[in-house]
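The structure appears below as structure tokens.
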Amino acid sequence: MRDFKDVGDKYEVNNVDEMIAQLNSDQKRIFDKVTASILSNSENLRLYISGEGGTGKSFLIKTIRSWIKKYVEKDTAITAPTGIAAFNIDGLTIHRLFQLPVEHGRTAKYKQLSDVVLKFIREELKNVALIIIDEVSMISNITLMYIHLRLTEIFNTDESDNGWFGEKHILLFGDLLQLPPVHEEPPFIELSTTKIEKYVGGMGSMNLWSLFKYDELQINMRQQNDNSYRNILSRIRLGIVTDSDTAVLNARKIQFTETTCDGRLYELCNYLEKLPLDTVCLLPTCALCDTLNTAMLNRIFSDEVELIAQDITDCVPYLKKKISKILSKNDEDSSRTAGLAKIIIVKLGARIMIRRNIDVTLGLVNGAIGTITSFIRNNNEIDKIKIIVSGVEHVLERVSVKFEVMDRAYVIRKQFPICLSYGMTIHKSQGLSLKYAIVEAGNSIFSCGQVYVALSRVTNLNGLYLINYDPSSVKANELAIIEYNRLRLQYRPDLLNINISKQHVQKVHDLQWALSKNILECQIKNKDDIDYTLWCLTGLPNTDNVSCYANASLQCIFHSPTLRTSLFQLEYTNIMRKLIESYANNKNNIIMQTIKLI
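All the letters of the sequence shown, read from the start, carry residue numbers 176 to 773 under my numbering.
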């Protein structure tokens with residue numbers, strides 16, 4: 176929690192009056208509503224503020240915070256679900272600020288703070304007048320409940336009739352049509368009795384979302400100099416695809432000339448290298464990121480460096496072998512090992528991404544991108560890594576994380592919290608504003624809002640480059656639209672209802688540039704077998720006009736790729752190996768002579 180004090184000390188109050196003067200009419204209306212509530216303090220303000228990406232939510236947050244610090248002389252606790260989103264608004268992650276439980280790969284049960292931690296956090300947050308939570312679309316209804324429980328615990332309001340969220344003013348920012356929570360329900364879905372009992376131990380359903388009033392920002396500030404692109408994004412946000420929009424986006428596609436996956440990957444790497452250094456490649460899946468990252472790493476002319484994790488098993492002795500076996504499987508997916516990979520292969524000069532929040536005040540947060548400048552060794556082992564992030568050099572050390580592998584069996588892993596970052600998942604990018612981006616918006620898109628989030632990161636159409644674009648991948652969350660219509664009707668009746676798009680768009684198949692992991696593994700495994708599993712099947716002639724059982728049997732065997740592969744792995748002296756060799760070389764006369772000898 177020292178981070179909260181550090182962020183507060185670092186934050187400088189600029190000319191507040193000048194910031195207020197820069198607010199547009201939308202921002203000023205909400206600013207006045209918030210400041211009036213804080214000054215009157217007659218009732219707690221609970222307000223959800225929505226708006227498309229680029230409508231100036233971040234600037235409004237900074238203005239409100241500066242006003243509170245200068246004129247009320249109080250603190251504002253600012254938080255977001257991801258490290259990048261929190262850093263962009265000078266805040267902390269939700270789990271860090273509220274000390275929420277974390278379990279990798281599944282939802283953690285709520286745990287009350289110890290007396291020591293509770294006393295410390297109460298002291299840190301005692302001067303907080305307002306709590307702001309950004310990127311609310313990525314927060315699940317369970318996390319929202321945990322925030323409420325933690326605040327009532329910190330500010331001791333659990334016995335109060337109106338003790339919701341610690342009786343603090345609280346603002347939620349974000350767009351429900353952006354990315355939803357991973358593996359959980361969005362915040363506006365009522366939490367079921369079953370889930371409350373499972374994660375908290377209480378009874379009864381809960382709908383904390385209904386406690387919030389609503390307002391909306393409509394004026395786009397990010398793409399304000401590109402009206403055409405802004406209008407395209409507004410339609411895509413609602414799942415609307417037009418022929419004219421598709422034509423504009425198709426014109427931003429990279430023109431591949433190669434016809435193979437390897438060839439297109441090579442072209443993509445060339446394209447990325449020619450763009451400005453701050454260009455980010457936004458991809459739907461981790462697998463696509465791995466493919467691009469490996470290809471880009473291979474282009475660096477320096478030695479590969481293996482960073483191997485140090486693991487300590489914490490369990491009863493008889494479980495250690497089982498834990499080791501489970502861990503070897505889990506190492507394929509670092510999300511199951513607290514985000515720390517078993518082996519990380521890097522090079523001097525490689526572009527990397529930080530995978531954990533190290534120091535939010537320095538920008539060393541989950542999702543921050545940097546470049547490796549040197550390795551610091553101790554007894555031939557790499558002890559530290561020097562990286563440059565935003566023009567500033569930092570020293571990274573290994574971090575230790577304890578995660579559960581199975582019930583009451585843990586692993587303590589010590590590893591550098593980094594990965595290669597030429598490609599970044601679209602989920603990681605939410606909250607970023609980019610000048611240049613290469614985007615994969617084709618058949619690999621798997622979530623509502625994913626195309627919209629990726630495209631809206633870019634401030635101008637000229638900074639957008641598309642690998643693929645499939646209009647049928649453009650989808651909006653219908654439940655979110657229904658919720659927006661409810662909120663508008665109740666709190667902003669001046670705004671029109673949002674129509675749910677029911678159009679059916681024809682799928683456009685991708686130009687493949689990356690093979691799936693399974694196919695790659697098969698290719699590697701069978702690379703020596705390709706020649707003799709793909710050759711032409713000629714059949715065997717019946718030269719003596721006599722029906723031959725051996726002839727028919729051999730044809731069945733030779734027509735099976737699996738059996739052919741097995742035969743080629745026999746010793747060269749084996750008669751069946753000789754038969755398959757002869758067949759491969761089209762020497763049918765030798766085969767027939769051999770058959771008669773069998």
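Glycine residues also receive a C-beta, built at the ideal position from the N, C-alpha and C atoms.
Next on the checklist: Please list the terminal residues of the continuous alpha helix (DSSP H) segment that includes K237.
Outcome noted: 232–242
Item to check | Exposed unless 16 or more other CB atoms sit within 10 angstroms - verdict on H323 | outcome: buried
Item to check | Ranges of the alpha helix (DSSP H) found wholly within the segment 455–534, counting only runs of at least 4 | outcome: 461–472, 495–505
Checklist entry - Helix or strand or just coil, what does DSSP make of E579? => result strand
Checklist entry - Excluding sequence positions up to five away, which residues of its chain have a Cβ less than 7 Å from the Cβ of D558? => result I551, R552
Next on the checklist: Considering only their Cβ atoms, is the gap separating G258 from N541 smaller than 8 Å?
Outcome noted: yes
Next on the checklist: Which residue marks the beginning of the beta strand (DSSP E) containing S596, and which one marks its end?
Outcome noted: Run containing S596: none; DSSP gives neither H nor E here.
Checklist entry - Between K249 and the rest of its own chain, which residues show a CB-CB distance below 8 Å, the 5 nearest in sequence each way excluded? => result Setting aside the 5 residues that flank it on each side, K249 is surrounded in the same chain by I243, N302, V303, A304, L305, each with a C-beta closer than 8 Å to its C-beta; the list follows chain order.
Item to check | D192 versus I620: straight-line alpha-carbon distance, rounded | outcome: 44 Å
Checklist entry - Smallest Cα separation from L452: which of S212, I657, G638, A261? => result G638
Next on the checklist: Just to confirm before moving on: does the CB-CB distance between R405 and N395 stay below 8 Å?
Outcome noted: yes
Checklist entry - For the beta strand (DSSP E) that G258 lies in, which residues bound it at each end? => result Segment 258–263 is the alpha helix (DSSP H) holding G258; no beta strand (DSSP E) there.
Item to check | Enclosing beta strand (DSSP E) for D437 [first to last residue] | outcome: Not the beta strand (DSSP E): D437 falls in the alpha helix (DSSP H), residues 436–449.
Next on the checklist: Assuming contact is defined by CB atoms lying nearer than 8 Å, are T268 and T282 in contact in what I supplied?
Outcome noted: no
Checklist entry - DSSP three-state call for D390: helix, strand or coil? => result Looking at D390 - three-state DSSP - the assignment turns out to be strand.
Checklist entry - At least one CB of chain C closer than 8 Å to the CB of V416: is that the case? => result The chain labelled as chain C is not found in the depicted structure, where only one protein chain is given.
Next on the checklist: Quick check on the DSSP output: the beta strand (DSSP E) that includes S250 runs from which residue to which?
Outcome noted: One point to set straight first is that residue 250 is Asp, not Ser, in the sequence displayed. Start and end: 250–255.
Checklist entry - Excluding five sequence neighbours on each side, which residues of the same chain lie with their C-beta closer than 6 Å to the C-beta of G514? => result R530
Checklist entry - What does T546 pair with, by DSSP beta-bridge criteria? => result DSSP lists R526, I563 as partners of T546.
Item to check | Span separating the alpha-carbon of S419 from that of S403 | outcome: 11 Å
Next on the checklist: Our contact map puts L213 next to S233 with C-beta atoms below 8 Å; I'd like the distance itself, whole angstroms only.
Outcome noted: Going by the sequence as given, residue 213 is Ile instead of Leu. About 20 Å separates the beta carbon of I213 from that of S233, a gap too long to meet the 8 Å contact definition.
Checklist entry - Expressed to the nearest angstrom, what Euclidean distance is found between the alpha-carbon atoms of V291 and R271? => result V291 and R271: Cα-Cα distance of roughly 16 Å.
Checklist entry - Whole beta strand (DSSP E) runs in the segment 266–310 with 3 or more residues, listed along the chain? => result 303–308
Checklist entry - When DSSP labels each residue in this structure, what does L670 get in the three-state scheme? => result The three-state secondary structure of L670, taken from DSSP, is coil.
Checklist entry - I673 and Y659 look like a contact to me (Cβ under 8 Å); what is the Cβ gap, rounded to whole Å? => result 6 Å
Checklist entry - With respect to the alpha helix (DSSP H) encompassing S212, which residues constitute its N-terminal and C-terminal limits? => result 200–215
Checklist entry - Excluding the five sequence neighbours on either side, which residues of its own chain have a C-beta within less than 8 Å of the C-beta of Y446, listed in chain order? => result I429, I613, Y640
Next on the checklist: Could you tell me which whole alpha helix (DSSP H) segments of length 4 or greater appear in the segment 316–394?
Outcome noted: 316–329, 368–374
Item to check | Length of the line joining the Cα atoms of A525 and L354 | outcome: CA-to-CA, the gap between A525 and L354 works out to about 29 Å.
Checklist entry - According to the neighbour-count rule (16 or more other Cβ atoms, all chains shown, within 10 Å of its Cβ), is D534 buried or exposed? => result exposed
Checklist entry - If P646 and V416 are in contact, beta carbons under 8 Å, what's the gap, nearest whole angstrom? => result 4 Å
Checklist entry - Does the distance from the CB of F340 to the CB of L222 come in under 8 Å? => result no
Checklist entry - So V311 packs on L347, CB below 8 Å; how close in whole Å? => result 4 Å
Next on the checklist: With H, G and I counted as helix, E and B as strand and the rest as coil, what does DSSP make of R588?
Outcome noted: strand
Item to check | DSSP state of V649 mapped onto helix, strand, coil | outcome: In the displayed model, V649 falls within coil according to three-state DSSP, outside both helix and strand.
Checklist entry - Hey, is the segment 202–219 in contact with the segment 367–374, meaning 3+ C-beta pairs nearer than 8 Å? => result The segment 202–219 vs the segment 367–374: no contact.
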